[in-house]
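The opening residue of the sequence shown carries number 387 in our numbering; numbering runs sequentially from there.
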Amino acid sequence: MNSFLDRITVSPDICHGKPVIRGLRYPVETMLELLSSGMSIEAILADYPDLAREDLLAVLEYATRLSQVKRIDRLVA
387 MNSFLDRITV SPDICHGKPV IRGLRYPVET MLELLSSGMS IEAILADYPD LAREDLLAVL
447 EYATRLSQVK RIDRLVA
């Protein structure tokens, strides 16, 4: 499997340090919201012409990596 993670960048000067696609000020979070709302990759690419299919696959790979946790502990207040 190819890794697309080099397409995700983080800089304190862009979008308050949130992960974005190739420094283009398109937050990973926004693209995930569009995908989870049911919007197709093709529809997103039509709305955001500077993005490529590989960018959206990188977003999905990034989210997958974030969800791979070993265990979740309950915090006690």
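Each residue gets a CB set at the ideal place from its N, CA and C atoms; glycine is no exception. Owing to the predicted nature of the structure, the values given are computational and were not obtained by experimental measurement.
Backbone CA spacing between residue i and residue j [nearest angstrom]
i	j	result
F390	S423	23 angstroms
I427	L410	18 angstroms
R439	V445	10 angstroms
A449	T416	12 angstroms
L443	K404	18 angstroms
Reduced DSSP secondary structure (H/G/I, E/B, other) of residue i
i	result
I400	coil
V406	strand
Buried versus exposed call for residue i [16 or more other C-beta atoms within 10 Å across all chains shown]
i	result
A429	exposed
R457	exposed
R460	exposed
L437	buried
### Task
Could you pull out every unbroken alpha helix (DSSP H) segment of at least 4 residues lying fully inside the region 417 to 457, listed in chain order?
427 to 433, 439 to 453
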